[in-house]
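Novice: Supplied in structure tokens, the structure appears directly below.
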Amino acid sequence: MNVTIETPRLVLRQPEMGDWEAFATFLGSDRAGFIGGPYSDRNAWRAFGHMAGHWTLLGFGLFVGVEKSSGKPVLSAGPWKPVGWPEAEIGWSVWDPSIEGKGLAFEAALATRSWAYETLGWDTCVSYIDEDNLRSVALAKRLGCEIDPDAPRFKVEEPLDATPYHVWRHPAPDSDGNPEAYA
């Protein structure tokens with residue numbers, strides 16, 4: 001099943017081999033610090049396989065955002081729930097620093113969250129965000145999320161699990177599948 005979502009400035013699609021270089025560059029940089037980076041090429045390859053394999057095994061996952069104006073893969077965003085995740089998450093990562101602050105991550109997260117509510121039938125989801133990741137915190141707020149102090153937490157199995165983070169609860173979908181905050 002190939003899934004594509006179009007927004008005004010992005011084509012959101014499943015990962016492809018052609019995305020590897022942009023993804024590896026992002027994960028190999030300090031920009032990946034909030035998700036355990038920088039990564040070696042070997043660990044970036046594992047993460048790339050994880051992202052692609054999530055689609056194969058579960059039928060959904062993070063979308064790659066391709067900027068329409070340049071044709072370049074610039075971000076990832078979307079629904080996923082890896083093994084061990086307490087709840088389904090809407091995740092996002094801006095790969096290309098040149099798109100920071102332009103609203104593309106918001107566009108992608110909003111579109112993929114709506115897709116998860118409408119297509120996957122989700123009635124709730126969260127985003128796990130490092131307390132110091134101020135750009136992601138701002139995006140969560142813009143998406144209408146609120147900190148959920150009662151949400152289940154990760155069982156600490158890896159060093160990254162012990163990093164201070166908040167669980168941001170997304171607004172529930174209303175009867176037509178769109179988040180109530182934007183109805």
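Position 123 of the sequence shown, counted from 1, bears residue number 123 in full-length UniProt numbering, the numbering being contiguous throughout. Glycine included, every Cβ here is placed at the ideal spot set by N, Cα and C.
1. With ALA108 as the anchor, note down where its alpha helix (DSSP H) starts and where it stops.
2. Are the segment 49–56 and the segment 7–24 touching, with three or more C-beta to C-beta distances below 8 Å?
3. For my contact list, ALA109 and LEU139 are in at a C-beta cut-off of 8 Å; report their separation, rounded to the angstrom.
4. Closer than 6 Å by C-beta to ALA181: which residues in its own chain qualify, once you throw out the five before and the five after it? Chain order, please.
5. Could you give the residue range of the beta strand (DSSP E) that holds TRP168?
6. According to DSSP, simplified to helix, strand and coil, what is TYR182?
7. Taking only three categories from DSSP, how would you classify ASP30?
8. Among the residues of its own chain, which have a CB less than 7 Å from the CB of ILE129, if the five just before and after it don't count?
9. DSSP three-state call for TRP92: helix, strand or coil?
10. Just to confirm my understanding: we take GLY28, look at its own chain, exclude 5 residues before and 5 after, and list those with CB closer than 8 Å. What are they?
Specialist: In short:
1. 104–115
2. yes
3. 7 Å
4. Note that ALA181 scores 46 on pLDDT, short of 50, meaning its location in the model is unreliable and no value can be drawn from it.
5. 165–169
6. Only weak support is given to the placement of TYR182: the predicted model assigns it a pLDDT of 45, under 50, and the question is left unresolved by the model.
7. helix
8. SER136, VAL137, ALA140, TYR165, HIS166 and TRP168
9. strand
10. Same-chain partners within the cutoff: GLY37, PRO38, TYR39, SER40, ASP41 and ALA44.
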